[in-house]
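Undergrad: Okay, here's the structure, questions in a sec.
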Amino acid sequence: IIFAFPSRVVPFSIAIRVPFQMLDALNSLIQEIIDFRRAETGHQNLKIQRIDISGLCNDIVSSFTYLREQQNVKLETDIAHDLQWNTDYSCFTKIIYNLISNAFKYTPAEGTIRVSIKRDGELLLLSVYNTGRGIKKADMNRIFNRYSVLDNIEENATRGLSARNGLGLAICQTMTELLKGSIKIQSEVNEYAEFIVSLPKLEADSDEVAPTTPNIPSDMLSLSARPATGAADATAVSVPGPAADQEQNTGDDEADNRPRILVIDDNPDILTLLYESLPEFNVVTAPSADKGIEIVRNGSISLIITDIMMPGIDGLELTRQIKQDPYTRHIPLIILSSRNATDDKISGLESGADAYIPKPFTLSYLRAVIVRLMRGKDEMAEYYNTASSAYKYHNGQIVDKEATRFVDQLDTYIDANIDSDELSAESLAAHMQTSTRNLYRKMKELDLLPPNDYIKEHRMSFATKLLVTTNLTIQEIIYRCGFNNRSHFYKEFDKRHGMTPKDYRQKHKAKPQ
2 IIFAFPSRVV PFSIAIRVPF QMLDALNSLI QEIIDFRRAE TGHQNLKIQR
52 IDISGLCNDI VSSFTYLREQ QNVKLETDIA HDLQWNTDYS CFTKIIYNLI
102 SNAFKYTPAE GTIRVSIKRD GELLLLSVYN TGRGIKKADM NRIFNRYSVL
152 DNIEENATRG LSARNGLGLA ICQTMTELLK GSIKIQSEVN EYAEFIVSLP
202 KLEADSDEVA PTTPNIPSDM LSLSARPATG AADATAVSVP GPAADQEQNT
252 GDDEADNRPR ILVIDDNPDI LTLLYESLPE FNVVTAPSAD KGIEIVRNGS
302 ISLIITDIMM PGIDGLELTR QIKQDPYTRH IPLIILSSRN ATDDKISGLE
352 SGADAYIPKP FTLSYLRAVI VRLMRGKDEM AEYYNTASSA YKYHNGQIVD
402 KEATRFVDQL DTYIDANIDS DELSAESLAA HMQTSTRNLY RKMKELDLLP
452 PNDYIKEHRM SFATKLLVTT NLTIQEIIYR CGFNNRSHFY KEFDKRHGMT
502 PKDYRQKHKA KPQ
């Protein structure tokens, strides 16, 4: 962080090195203050959209999976299916995130958290319930007061949960009121606490549908997914880096049948998050592109996940190197980056990435992309190992690739000589290095017209194209298409289109732009 202080003599700055966890907590606090102040002063602009509440809430709950496992808490859901509602996406997301993170603060080990959402007439009811110490009646009046923080800050700090700074519930109440709803508490001391939010269905500002993937606030992602170490410095987190992977995992790789995924990112928290959150895969990590390339070349990798902004070689250049190497281009590659502008996504895909996922992200979506890409890779390998790979679709029919090459050779030769009056079955057979008889038999096997009729169809198609795309006279078109007899051309044209070339041109001539 750089603090700049004006001086009457000369401006100067002080650079302070801040540990990652402290910086994350500061970012969290600043964002909460901004959110709360914006809402409190009436500067929170609402954008009412139709939202897939069911999908959004399920994704939000899934983002707390790591925290649930870490704290040994039972996380239950009762979320109505296919529930859509008109509300503000940002406000609703903050309400549910803050309520769930608050529940994790006060739920003891082996306790229960239950998230319920359903429609009750003209209201949307969101309930977050947790077992634990509950809330005294005397405290209920001040629970949403931003100046009041209840009594277990020290305990929460040891569990890595103090990042919400006491503003979360105040934000919930303010956001709920902005949405013209209400929030109430039900509780029994030493038993449970339950927060119930009621939201009316508001009139949508437009027909635009909000995204189904939640835009997870970075502080929420760190709260719900990052292991709490209790240490001040990020280096205290046990991250399975490249060296550790080489030493610890290499010996087990032969016995490990799980697909091997390489994650490349200079952020140790992202490496830890993905290493811990994808147990169905054999995840190895690298803090730089150079180390990642080394791992790829030293072992079998099933899929690569990489950031863009890294020291040395960036993710885009890494992707190009992987995809231009004939021995690694087959490996599916996902870019996972905080650069989420459209141009950035286009650059990522143009560099060769198979998918581009912006940060912040949900683990459930990332997992779905991983599974889809790896399944596609397996299906492609299976395809090329079967007889099916020798066939393809052509004009709606399945033909073998050798037949397709034969037809392509025919078409190329006819198109190149279409204005020649010497183009015939005999010249076509000579070009294909076969006899006229064999050419007739081969084209019949492929269910094609006889050679002379096949040539005639090409000529007529070309003539029709020239009629509507050029200003050539009809006589010029006749010669360009290899017809020697004007009356014969008119007769064949009428067979196909039921009108003269002139009438056809007038009907179909493209209008000038």
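Residue numbers (the numbering used here): 2 to 514. Think of the CB as a built atom: it goes at the ideal place given N, C-alpha and C, for glycine as much as any other residue.
Who are A194's beta bridge partners in DSSP?
TA: Translated into the one-based positions of the sequence shown, residue 194 becomes position 193. A194 pairs with N131 and S188.
Undergrad: Can you pull the DSSP bridge partners for S183?
TA: On the sequence shown, position 182 is the one that residue 183 refers to. The partner list for S183 (beta bridge, DSSP) reads S199.
Undergrad: Using CA atoms only, rank isn't needed, just tell me which of N191, D206, E178 and I49 is closest to V198.
TA: By one-based count along the sequence shown, residue 198 stands at place 197. The shortest Cα separation from V198 among N191, D206, E178 and I49 belongs to E178.
Undergrad: Are the beta-carbon atoms belonging to L429 and L411 less than 9 angstroms from one another?
TA: Sequence index remark: in the sequence shown, residue 429 carries index 428 (1-based). Sequence index remark: in the sequence shown, residue 411 carries index 410 (1-based). It is a contact, given that the beta carbons lie within the stated cut-off.
Undergrad: Near L76, what residues of its chain come up, given a Cβ to Cβ distance below 6 angstroms and the 5 sequence neighbours on each side ignored?
TA: As a working mapping, residue 76 is identified with position 75 in the sequence shown. R69 and I114, listed in sequence order.
Undergrad: Would R134 pass as a contact of N191 if the rule is Cβ separation under 9 angstroms?
TA: Mapped onto the sequence shown, residue 134 falls at position 133. Mapped onto the sequence shown, residue 191 falls at position 190. Yes, they are a contact pair.
Undergrad: Enumerate in chain order the residues of its own chain whose CB-to-CB distance from F494 is below 6 angstroms, with the five nearest sequence positions on each side excluded.
TA: Indexing the sequence shown from 1 puts residue 494 at position 493. Contacts found: P502.
Undergrad: Quick check: the Cα distance between V469 and R506, rounded to an integer number of angstroms?
TA: Taking the first residue of the sequence shown as position 1, residue 469 is located at position 468. Taking the first residue of the sequence shown as position 1, residue 506 is located at position 505. If you draw a straight line from the Cα of V469 to the Cα of R506, it is about 6 angstroms long.
Undergrad: If we define contact as Cβ-Cβ less than 9 angstroms, is D345 a contact residue for chain C?
TA: The structure shown has no chain C; it contains just one protein chain.
Undergrad: Using the Cα positions of T363 and E446, report the straight-line distance between them to the nearest angstrom.
TA: What you label residue 363 is simply residue 362 of the sequence shown in a count that begins at 1. What you label residue 446 is simply residue 445 of the sequence shown in a count that begins at 1. T363 and E446: Cα-Cα distance of roughly 54 angstroms.
Undergrad: Pick from W86, E318 and P280: whose alpha carbon is nearest that of G349?
TA: If you number the sequence shown from 1, residue 349 lands on position 348. G349 has its Cα closest to that of E318, out of W86, E318 and P280.
Undergrad: Distance, Cα to Cα, Y90 vs L449?
TA: For the purposes of this step, residue 90 is identified with residue 89 of the sequence shown, where counting begins at 1. For the purposes of this step, residue 449 is identified with residue 448 of the sequence shown, where counting begins at 1. One C-alpha to the other measures close to 58 angstroms.
Undergrad: Skipping 5 residues on each side, what residues in its chain have a beta carbon closer than 6 angstroms to that of E427?
TA: In the sequence shown, counting from the first residue as 1, residue 427 sits at position 426. Closer than 6 angstroms at the Cβ level, and outside the excluded window around E427, lie T437.
Undergrad: I believe G316 touches A290 by the beta-carbon criterion, under 8 angstroms. Please report the beta-carbon distance rounded to the nearest angstrom.
TA: In the sequence shown, the residue the question calls residue 316 occupies position 315. In the sequence shown, the residue the question calls residue 290 occupies position 289. With 8 angstroms as the limit, G316 and A290 qualify as a contact, their Cβ atoms being about 7 angstroms apart.
Undergrad: So, using beta-carbon positions, are I305 and I332 closer together than 9 angstroms?
TA: Residue 305 sits at position 304 when you count from the first residue of the sequence shown. Residue 332 sits at position 331 when you count from the first residue of the sequence shown. Yes, the Cβ-Cβ distance between I305 and I332 is below 9 angstroms.
Undergrad: Please report the residue range of the beta strand (DSSP E) in which L76 lies.
TA: Reading the sequence shown from its first residue, position 75 is the one you call residue 76. Segment K75 to I80, the beta strand (DSSP E) holding L76.
Undergrad: Taking all protein chains shown into account, decide if N485 is buried (16 or more other Cβ within 10 angstroms of its Cβ) or exposed.
TA: Translated into the one-based positions of the sequence shown, residue 485 becomes position 484. N485 should be labelled exposed.
Undergrad: Hey, could you find the ends of the alpha helix (DSSP H) A287 is sitting in?
TA: Within the sequence shown, numbered from 1, the residue matching residue 287 stands at position 286. From DSSP, A287 is part of no alpha helix (DSSP H) but of the beta strand (DSSP E) over N283 to A287.
Undergrad: S515: buried (16+ other C-beta within 10 angstroms of its C-beta) or exposed?
TA: The requested residue 515 does not occur in the structure, where the chain is confined to residues 2 to 514.
Undergrad: Just the C-alpha distance for H498 and S462, rounded to the nearest angstrom, thanks.
TA: The residue you call residue 498 lines up with position 497 of the sequence shown. The residue you call residue 462 lines up with position 461 of the sequence shown. Taking the straight line from one Cα to the other gives about 11 angstroms.
Undergrad: Can you give me the C-alpha to C-alpha distance between C173 and D121, rounded to a whole angstrom?
TA: In the sequence shown, residue 173 corresponds to position 172, counting from 1. In the sequence shown, residue 121 corresponds to position 120, counting from 1. Rounded to whole angstroms, C173 to D121 spans 20 angstroms at the Cα level.
Undergrad: When DSSP labels each residue in this structure, what does P452 get in the three-state scheme?
TA: The residue labelled residue 452 in the question sits at position 451 within the sequence shown. In the structure shown, P452 sits in a helix (DSSP, three-state: H, G or I).
Undergrad: If you run the structure through DSSP and keep just helix, strand and coil, what is D206?
TA: Counted from its first residue, the sequence shown places residue 206 at position 205. Reduced to three states, the DSSP call for D206 is coil.
Undergrad: Can you give me the C-alpha to C-alpha distance between G169 and Q325, rounded to a whole angstrom?
TA: One-based indexing of the sequence shown puts residue 169 at position 168. One-based indexing of the sequence shown puts residue 325 at position 324. In a straight line, the C-alpha of G169 is about 48 angstroms away from that of Q325.
Undergrad: Classify D504 as buried or exposed, calling it buried when 16 or more other Cβ atoms lie within 10 Å of its own Cβ.
TA: Within the sequence shown, residue 504 is the residue found at index 503, counting from 1. By the neighbour-count rule (16 or more Cβ atoms within 10 Å), D504 is not buried but exposed.
Undergrad: For V370, which residues in the same chain have their Cβ closer than 7 angstroms to its Cβ, ignoring the five residues on either side in sequence?
TA: Reading the sequence shown from its first residue, position 369 is the one you call residue 370. Closer than 7 angstroms at Cβ, skipping near neighbours: I335, A356 and I358.
Undergrad: I need the DSSP call for A232, collapsed to helix, strand or coil.
TA: Residue mapping note: residue 232 aligns to position 231 of the sequence shown, counting from 1. Residue placement at A232 cannot be trusted, given a pLDDT of 31 that sits under 50; the coordinates are not used to answer.
Undergrad: Along the beta strand (DSSP E) that carries T569, what are the first and last residues, could you check?
TA: Residue 569 is absent from the model: the chain starts at 2 and stops at 514.
Undergrad: On the DSSP bridge list, what partners appear for I54?
TA: Locating residue 54 in the sequence shown gives position 53, counting from the first residue. Paired residue(s): none; I54 is not in a bridge.
Undergrad: Please list, in chain order, all residues of the same chain as F282 whose beta carbon is under 6 angstroms from its beta carbon, the five residues on each side excluded.
TA: Counted from its first residue, the sequence shown places residue 282 at position 281. Only R259, P260 and I262 meet the Cβ criterion.
Undergrad: Between the beta-carbon of D60 and the beta-carbon of Y366, is there less than 9 angstroms?
TA: Looking up residue 60 in the sequence shown gives position 59. Looking up residue 366 in the sequence shown gives position 365. In contact: D60 and Y366 (Cβ atoms closer than 9 angstroms).
Undergrad: Leaving out five residues before and five after I314 in sequence, what residues of the same chain have Cβ atoms less than 7 angstroms from its Cβ?
TA: By 1-based counting over the sequence shown, the position of residue 314 is 313. Excluding residues within five positions, the ones whose Cβ falls inside 7 angstroms are A290 and D291.
Undergrad: Tell me which same chain residues have a C-beta within less than 6 angstroms of the C-beta of V62, skipping the five on either side of it?
TA: The residue you call residue 62 lines up with position 61 of the sequence shown. Around V62: T78 and V116.
Undergrad: Compute the beta-carbon to beta-carbon distance between I118 and A81, rounded to the nearest angstrom, for a pair I have assumed lies under 8 angstroms.
TA: Here residue 118 refers to the residue found at position 117 when the sequence shown is read from its first residue. Here residue 81 refers to the residue found at position 80 when the sequence shown is read from its first residue. Sure, about 6 angstroms apart at Cβ, within 8 angstroms.
Undergrad: Looking only at its own chain, which residues have a Cβ that is under 7 angstroms from the Cβ of S188, when we skip the five neighbours before and after it?
TA: As a working note, residue 188 is residue 187 in the sequence shown. If the five residues before and after S188 are omitted, its C-beta is found closer than 7 angstroms to the C-beta atoms of G135, I136, A194 and E195, all from its own chain and listed in chain order.
Undergrad: I need the DSSP call for D121, collapsed to helix, strand or coil.
TA: Numbered from 1 along the sequence shown, position 120 holds the residue referred to as residue 121. Looking at D121 - three-state DSSP - the assignment turns out to be strand.
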